[in-house]
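The block underneath contains the structure these notes are about, expressed in structure tokens.
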Amino acid sequence: MGPPAAAVEEAVKAEAPDWDDDGAWAARFRAFSGQRADWTPRYLFWRDLIIRVARRLGVLTIRSSEVNNVWFARRGLTPLCMNRVLIEMHKEGDIFLRRDLTDPARGQIFQLLRRIGQLIVLSKSSALEENTDECLVLRGLLQDKTVDVIKSLSESHWTSSCVVTMCKLESICGGSDEASIISSYLVQCGKAQYLSIKKTDFVEGLKVSLVPSSVSSLTSLDYEILHLIWTMEKMQQQVDMIDQRWELSRKSALASFKSGNRPAAYGHIRRTKLLASSREKCASLFDRVEEVLGIINQAESTKKASEAIQLGAQAIKKQQISVEQVHLCLQELSETVASQKQVDEALGLALLESTDVEDEYLEEEFKRLESELTEEAPQMTKSEVIVGDYAPDENTSVQEAASSLADTFSHLHLTAA
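Per my numbering, residue 1 is the first one in the sequence shown, and the count goes up by one each step.
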């Protein structure tokens, strides 16, 4: 689905100030005829206008029907030259077919066979003429967006490459469709490699080069890092959900207390304490896994690649606590949050039936609660995970890093939040 019509109209008028000049646009709407030299200026005008409007709209892809019938339709008329403009842009490499990008999840053999097939089939211009309404990718805008994505990743990593989940990439790119296009382009350019794991969940990600050179080969440690990062992202989602429920319970407690419904108010206080306890356990595990990732990244930057792989992988696999157990903790936390509504109802019913709620306790608790709510609320939201921004002290040796990594996992006691 393309941009809203109002946004398109605004973008076209911004990039074509004389849009209301009927005489000027009547000439531009005519079909190309004669020698190429006769219509080259008009072709360049349309090419540049399409790119500028797309850039203003923030889109990477277009369809000929959309460009012809929506973008540049004037009073029931459409440009007669638009199909030829797109064909010429395709010939010159300014645009290419979306299907020319291979799916990195298909594997290297599939991608190789597909490329060979593309070399055997008809020329680019013929393919575009026969499929006039296919999705077309604007190469220049894709390249610019790719640079922005790598820059964004570089700001949160200090290594030559990084592993990122597809969910994280989607948030950076602004959507799943753009993330799919950018990931395919990065893989085809040799700037990224696709990786996936299937344990209790299917997790996809990319290993992206953050330097001009091509991305290095995948290692077993990359897969471990992908799973840890994914686990932390899921934990972050659960922490955010707990924070929302915690804040709601605090406000509900104060409202119930002011209305005189003390049993209900007491129930809300109990809920805030339970939620805070669950959050504390999750945040503790979150911090420990984050520290593990920081130590692995430090090892990668101070040792050769093979030694870093050995250091990280052995430190993880030799411990009694496995990544699967980390996921089990996450699953238990998710179930805790999912069942919180039933717990709330049961707890509320029990409290409504009770008559021994101490007024003195409630008064003290609500004075504190009201004071907190009138002041600036403390920030409970855990900061977003940034893999690689943990920097051990300069005097920390690789041996100490390995020891710290082993110690972290050996003390990683997982319990239901």
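Glycine included, each C-beta is placed from N, C-alpha and C at the ideal position. Note that the structure is a prediction, hence the values are computed from the model and not measured.
Identified DSSP bridge partners for Tyr-194
Leu-206
Is the beta carbon of Val-164 less than 8 Å from the beta carbon of Leu-206?
yes
So, with DSSP's three-state summary, where would you put Thr-381?
The predicted model places Thr-381 with a pLDDT of 43, which falls under 50 and marks its position as unreliable; any figure quoted below should be read in that light. Three-state result, Thr-381: coil.
Sheet register partners of Leu-136 (DSSP bridge):
Ile-62, Leu-97
Which residue from Lys-151, Glu-204, Gly-260 puts its Cα closest to that of Leu-210?
A check of alpha carbon separations from Leu-210 across Lys-151, Glu-204, Gly-260 identifies Lys-151 as the nearest.
Sheet register partners of Arg-74 (DSSP bridge)
Leu-77
Buried or exposed by the 16-neighbour rule on C-beta atoms within 10 Å, applied to Leu-80:
Exposed: under 16 other Cβ atoms inside 10 Å.
Does the distance between the C-beta of Ser-284 and the nearest non-hydrogen atom of the ligand ADP fall short of 7 Å?
Here there are no bound small molecules, and the ligand ADP is not part of this structure.
Tell me whether Phe-45 is buried or exposed, calling it buried when 16 or more other Cβ atoms sit within 10 Å of its Cβ.
exposed
Spatial neighbours of Arg-99 within its chain, please: CB distance less than 6 Å, with the 5 preceding and 5 following residues excluded, ordered by chain position.
none
Hey, would you say Trp-246 sits closer than 8 Å to Arg-279, going by beta carbons?
Contact annotation: Trp-246 and Arg-279 have beta-carbon atoms nearer than 8 Å.
Inter-residue spacing [alpha-carbon to alpha-carbon] between Ala-449 and Val-70
An answer regarding residue 449 cannot be provided, because it is not within the stretch 1 to 417 covered by the chain.
C-alpha distance - Glu-233 paired with Cys-167, whole-angstrom precision
9 Å
To the nearest whole angstrom, what separates the beta carbons of Ala-11 and Val-67, a pair I think is in contact under 8 Å?
Not confirmed; about 12 Å, so no contact.
Could you tell me whether the Cβ atoms of Gln-188 and Thr-102 are closer together than 8 Å?
Taking 8 Å as the Cβ cut-off, Gln-188 and Thr-102 qualify as a contacting pair.
Reference Phe-96, options Met-82, Ile-62, Ala-105, closest by Cα:
With distances taken between Cα atoms, Phe-96 lies closest to Ile-62.
From Glu-170 to Val-149, what distance separates their C-alpha atoms?
10 Å
Supposed close pair Ile-197, His-157 - CB separation, criterion 8 Å:
In fact, because the Cβ distance is near 20 Å, the residues do not count as touching under 8 Å.
For Arg-55 and Leu-186, I'd like the C-alpha separation in whole angstroms.
20 Å
Nearest-angstrom beta carbon gap, Ser-184 and Pro-104 [assumed within contact, 8 Å]
6 Å
Under DSSP, the beta strand (DSSP E) around Cys-162 begins and ends at which residues?
161-165
Going by beta-carbon coordinates alone, are Trp-39 and Phe-32 separated by less than 8 Å?
yes
Ignoring anything shorter than 4 residues or poking outside the stretch 7-31, list the alpha helix (DSSP H) runs there in chain order.
22-28
Does Val-147 pass the burial test, meaning 16 or more other C-beta atoms within 10 Å, or should it be called exposed?
Flag for Val-147 reads exposed.
Using CA atoms only, rank isn't needed, just tell me which of Ser-214, Arg-368, Asn-297, Pro-3 is closest to Thr-159.
Asn-297
What's the C-alpha gap between Glu-88 and Ser-216?
Rounded to the nearest angstrom, the gap between the Cα atoms of Glu-88 and Ser-216 is 37 Å.
For the alpha helix (DSSP H) containing Asn-83, name the first residue and the last one.
Asn-83 -> alpha helix (DSSP H) spans 82-91.
From Glu-178 to Asn-261, what does the alpha carbon distance come to, in whole angstroms?
51 Å
Beta-carbon spacing of Ile-269, Ala-255 below 8 Å:
no
How is Thr-272 classed by DSSP in three states: helix, strand or coil?
helix
Range of the contiguous alpha helix (DSSP H) that encloses Asp-38
36-57
Looking only at C-alpha atoms, which of Leu-57, Val-292, Leu-293, Lys-251 sits nearest to Ala-5?
Measuring C-alpha to C-alpha distances from Ala-5 to each of Leu-57, Val-292, Leu-293, Lys-251 identifies Leu-57 as the nearest.
Span of the alpha helix (DSSP H), counted from its first residue to its last, around Ala-105
First-last for Ala-105: undefined, no H or E at that position.
Inter-residue CB distance, Ser-214 and Gly-190 (contact presumed, cutoff 8 Å):
Indeed they touch by this definition, with Cβ atoms about 4 Å apart.
Comparing C-alpha positions only, which one of Tyr-43, Gln-238, Ser-65, Glu-134 sits nearest to Leu-275?
Gln-238
Where Arg-250 and Thr-272 are concerned, what is the direct C-alpha to C-alpha distance, given to the nearest angstrom?
7 Å
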